[in-house]
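Engineer: Residue numbers (the UniProt record's numbering): 1 to 375.
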Amino acid sequence: MPRPPSNRTTEAPLLKYKTRRKNKSTCLLRCCVIVLMVLLILLLLAFIIVFVVIPLIFKYSVELQKDLVFPIYDLHPAHARYKNFSKYDVYGGRNIYVHVNKTENIILGVWHLLPEALVNNSIDNVDFDYAESLVQSNYPIVLYFHGNGGNRVANIETYSVLRMFFHVIAFDYRCYGDSTKGELTEMGIVEDSVELYKWVRQQTNASIYFWGHSLGSSLSSHTIAKLRDDDVVPAGLFLEAPFNTLRDEIKYVQTLFWFTKIFLWMPWYEATMVDPFEDNGLVFNTENYLLKVDCPVMIIHAEDDSVVPIALGQKLYETAVTLRNATAQGNVTFYTVPASLELNHWHIYALSDLPNYIRNHIDVCEEYMKNNKLE
């Protein structure tokens, strides 16, 4: 009688199979764990690089901060022809250069555009004397401070409106347009602007107003505050699309400072991405500057402004109205441009009521000067 097959002979291959399967599962699990650990380490390294290293690099990179505030590498219009007025269909203007800083040898490129009532005289007379037109002027002067992304050619449409009332002095900050290269700082631009104002004052006895657009609103306010140290008070100030502080502009504006927005949630955000601007002299605290501006102020802002939210302009207005002495320092007026007009940040010049607003503000400023015996 044959013997039955042994269990050992049938169990051995099965055991080997189970052992091999178990070993494969263990190996696969180990591989998954290793891959997961590597991924976690890589993610941790990426997090440290992106959200720790980069903010620290930004904190100590003054030039990167300046590039965000002063994007001189991408100004509009590109390749501007400052001496060729006919290229831009502009008449009754001259291009000049004013030496404003002997220490750094800074020379600013300047446009002097006549009031529209004098344009035909300049066209008909080849010997028209622009300098004499300032000396004998029956028109006030407006000193125009442009935004951070353009040069003095960029705002021709706005000049067309201003020329209804003023001689327009439009200039490029140091490093902008064909002005002299130099250390690009807020204080440097303000000091240049103070000297440019003094140069204009030497050319005429007419009233001088300031107009600032966007970043130029802070620079113009700061310049007037600086002039106050010399007991100099301009006739009035116009602020177009202003912000209250650069700090709020950095924190809440999505376009200009997009680079900083991805770090907004970090506990160290302000210490690494906001404070360094002020630490490096890029303060632009317009609401503080306005407290030292002793002339009436007009603010105009579009509801659909995609660069400087109108909330920042309103905050500036509310601070100025609350903290300024209206009797001693002049009124502050705020005009809202409806979003339905779609004028945004750059096209307020197209507002049909703008000439009326300007005329009203000039009247307010003249009354203020009369009452305070200024200019």
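Backbone N, C-alpha and C fix where the C-beta goes; we use that ideal spot for every residue, glycine too. Note that the coordinates shown come from a computational prediction; the quantities given were computed from them, not determined experimentally.
1. Confirm, please, whether the CB-CB distance from Phe166 to Val142 is below 8 Å.
2. For Asn151, which residues from the same chain have a beta carbon less than 7 Å from its beta carbon, with the 5 sequence-adjacent residues on both sides left out?
3. Quick one: what does DSSP say Gly92 is sitting in, helix, strand or coil?
4. Measure the beta-carbon distance from Asn344 to Asp305 and round it to whole angstroms, keeping in mind my assumption that it falls under 8 Å.
5. Does the stretch 317 to 326 come close enough to the stretch 126 to 133 that 3 or more CB-CB pairs lie under 8 Å?
6. Specify the secondary structure class of His112 as computed by DSSP and reduced to three states.
7. With Tyr209 and Pro267 assumed to form a contact (beta carbons below 8 Å), what rounded beta-carbon distance in angstroms separates them?
8. State the CB to CB distance for the pair Ile348 and Ala241, rounded to an integer number of angstroms; the pair is presumed to be in contact (CB under 8 Å).
9. Suppose the cutoff is 6 Å on Cβ atoms and the five residues either side in sequence are ignored; what does the same chain contact list for Gly330 look like?
10. Report the rounded CA-to-CA distance for Thr92 versus Glu366, giving the unit in angstroms.
11. Starting from His301 and walking both ways along the alpha helix (DSSP H), at which residues does that stretch end?
12. Under three-state DSSP, which class holds Ala311?
13. Nearest to Ile250 by CA position, among Leu196, Val332 and Lys66, is which residue?
14. When you compare only the Cα positions, how much space is there between His99 and Ile49?
15. Specify the secondary structure class of Tyr335 as computed by DSSP and reduced to three states.
16. Going by C-alpha to C-alpha distance, which of Arg359, Pro276, Tyr159 and Val194 sits closest to Val62?
17. Buried or exposed for Glu183, going by 16 or more other Cβ atoms inside 10 Å?
18. Alpha helix (DSSP H) containing Trp199: first to last residue?
19. Report the residue ranges of all alpha helix (DSSP H) runs contained in full by the stretch 41 to 100; include only those spanning at least 4 residues, in chain order.
20. Roughly how many whole angstroms lie between the Cα atoms of Leu45 and Ile189?
21. What's the C-alpha gap between Thr272 and Arg324?
22. In angstroms with no decimal places, state the Cα-to-Cα distance between Tyr159 and Asp353.
23. Which same chain residues, not among the five before or five after Met298, have their C-beta less than 6 Å away from its C-beta?
24. My guess is that Leu113 and Arg163 are in contact by the Cβ rule of under 8 Å, so how many angstroms apart are they, rounded?
25. Going by beta carbon distance, what residues of the same chain come within less than 7 Å of Val200, once the five residues before and after it are set aside?
26. To test your reading of the DSSP string, which unbroken alpha helix (DSSP H) runs of 4 or more residues are found completely within the stretch 129 to 160?
27. On the CB-based measure, 16 or more other CB atoms within 10 Å of its CB, does Ile309 come out buried or exposed?
28. Just the C-alpha distance for Gly313 and Cys32, rounded to the nearest angstrom, thanks.
29. Which residues mark the beginning and the end of the beta strand (DSSP E) in which Phe284 is found?
30. Please name the residue in Ala311, Ala117, Val283 and Phe145 whose C-alpha comes closest to that of Val69.
31. Using alpha carbons as the reference points, say which of Phe58, Glu104, Leu108 and Ile54 lies closest to Tyr82.
32. Please report the Cβ distance between Pro77 and Asn148, rounded to the nearest whole angstrom; I am assuming they are in contact, meaning their Cβ atoms lie under 8 Å.
33. Assuming Pro55 and Phe263 make a contact with CB atoms under 8 Å, what is their CB distance in whole Å?
34. Which residues share a DSSP beta bridge with Leu239?
35. Ordered along the chain, which non-local residues of its own chain (more than five positions away) have a Cβ less than 8 Å from that of Arg94?
Structural biologist: The answer reads as follows:
1. yes
2. Leu75, Ala80, Asp172, Tyr176 and Gly177
3. coil
4. 6 Å
5. no
6. strand
7. Not really, about 45 Å apart at Cβ, beyond 8 Å.
8. 7 Å
9. Cys295, Pro296 and Tyr368
10. The amino acid occupying residue 92 in the given sequence is Gly; Thr does not appear at that position. Their backbone Cα atoms lie some 26 Å apart in a straight line.
11. Segment Val297 to Ala302 is the beta strand (DSSP E) holding His301; no alpha helix (DSSP H) there.
12. helix
13. Lys66
14. 46 Å
15. strand
16. Pro276
17. exposed
18. Glu186 to Gln203
19. 54 to 59 and 62 to 69
20. 41 Å
21. 33 Å
22. 16 Å
23. Phe238, Thr333 and His361
24. 6 Å
25. Ile141, Leu143, Ile169 and Ile208
26. 130 to 135
27. Note on identity: in this sequence residue 309 is Pro, with Ile being the wrong assignment. Buried.
28. 56 Å
29. Unbroken run through Phe284: none, as it is neither H nor E.
30. Val283
31. Leu108
32. No, Pro77 and Asn148 are not in contact; Cβ-Cβ is about 15 Å, not under 8 Å.
33. 6 Å
34. Gly212 and Ile299
35. Trp111, His112 and Tyr130
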